[in-house]
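Residue numbers (UniProt numbering): 1 to 292.
Note that CB positions come from ideal geometry on N, CA and C, so glycine has one too.
Remember, predicted model here, so these are calculated numbers, not experimental data.
Notes for the one structure printed next.
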Amino acid sequence: MLNAPGWGVALVDGDSRLLWMNDLLAQLCGRPSALCVGRYLSEAWPGLAPPLSPLLARAQSGERVADELVSGRFGEVGTLRHLTVSAMPASPGTGVLLLLRDTSTRLREEAALRASEEHMRSIVEISCDGYFFHDRGQFLEVSPGLGRLLGYYETAELIGRNILDCVAPEFRAPARDVMDRGVEAPYELAVLHRDGRRIPVEVMGRPATFQGRAVRMGAVWDVSIRKAAEERLMRMEHFRDQFLDAAGDGFKAPLQSLQCDVLALQHAPSMPEGLTERAGGRARHTGATGVG
């Protein structure tokens, strides 16, 4: 215990005076143990004594204090450090055994990771209609935009649920295959609104980090408007083909000839008089043979 790997260890008496400290703690505080032993904590570690004092008091009363986080100026140059502290009663009448581990680097890395995740969220949120994090198909986080798209204004209702619950049945098998294979190319499917409506979307997945875990992130785009426009165009083309078939060759032949003449006029440097008269005559003939 006195030389626990990674832990600075000290023995403190009932008056908060340092009786002993190991080499790692001496390195951590930046002072040889000879300059600390025999001094009160308030003298040896003035920047750390205030947050440590309540923990020592609890240990002196018989409580075992485990893995408390404290922060303070610690070391010869007064560096701000974040420490994990444990304390426990030593043998009766000998004070408290104090254990400290420097977690400053880990906490800085975690803070940087959180900042990076938030930055990524902000970028994704403005570039798509919604996003989500998942682990093996289970929602970990759902953006407000995606929640609104699915009809869930409280996104917490989706956390823990399987993604496929929100996918139209005919797309569930291919969606599961895409997730299993970690496909990163965009793909289209239909999701289910809370009221049962189907909404066509485009989805693109990427590896991501969520709270320090390796997971997957999906960006979602609502393609309803584009799909509706494509369907209108297909209906128009279908109607045109039906109309021309119903009109017969007597209408299609003059119309096609007129289209050729117009195309020729568009590419001609000047408009020959004969071609103008011919195009005009065909247009009048087409109008006379047309519907209405």
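When DSSP labels each residue in this structure, what does D13 get in the three-state scheme?
-> coil
Could you give the residue range of the alpha helix (DSSP H) that holds L55?
-> 49-60
T84 versus V220 - alpha carbon distance = 41 Å
What separation, rounded to the nearest whole angstrom, lies between the Cα atoms of A283 and S127?
-> For A283, the predicted model reports a pLDDT of 49, less than 50, meaning its position is unreliable; a value from the coordinates is still stated below. In a straight line, the C-alpha of A283 is about 50 Å away from that of S127.
When the Cα of A185 is compared with those of R172, P169, P207, which residue comes out closest?
-> P207
Residues in its own chain within less than 8 Å of S16 by CB, not counting five upstream and five downstream?
-> Y40, L41, S42, A49, S53, L56
Taking the continuous beta strand (DSSP E) assigned at E202, which residues delimit it?
-> 198-210
Cβ contact check for the region 58-75 and the region 129-145: 3 or more pairs under 8 Å = no
Taking E43 as part of the beta strand (DSSP E), name the residues at either end of that continuous run.
-> First-last for E43: 41-44, but that is the alpha helix (DSSP H), not the beta strand (DSSP E).
Let me know if T289 comes out buried or exposed under the rule of 16 or more other beta-carbons within 10 Å of its beta-carbon.
-> Confidence at T289 is low in this model, with a pLDDT of 49, below 50, so the placement of that residue should be treated as unreliable; the coordinate-derived value is given next. Classification of T289: exposed, given that the 10 Å Cβ count is below 16.
If you drop the 5 nearest sequence neighbours on each side, which residues of the same chain put their C-beta closer than 6 Å to that of L100?
-> G8, L83, V85
Can you tell me which of the three DSSP states G151 falls into?
-> coil
How many Å lie between L97 and S104 at the Cα?
-> 22 Å
Buried or exposed by the 16-neighbour rule on C-beta atoms within 10 Å, applied to L150 | buried
In DSSP terms, what S86 is bridged to = L99
Same chain, Cβ closer than 7 Å to V183, neighbours up to 5 away in sequence not counted | G205
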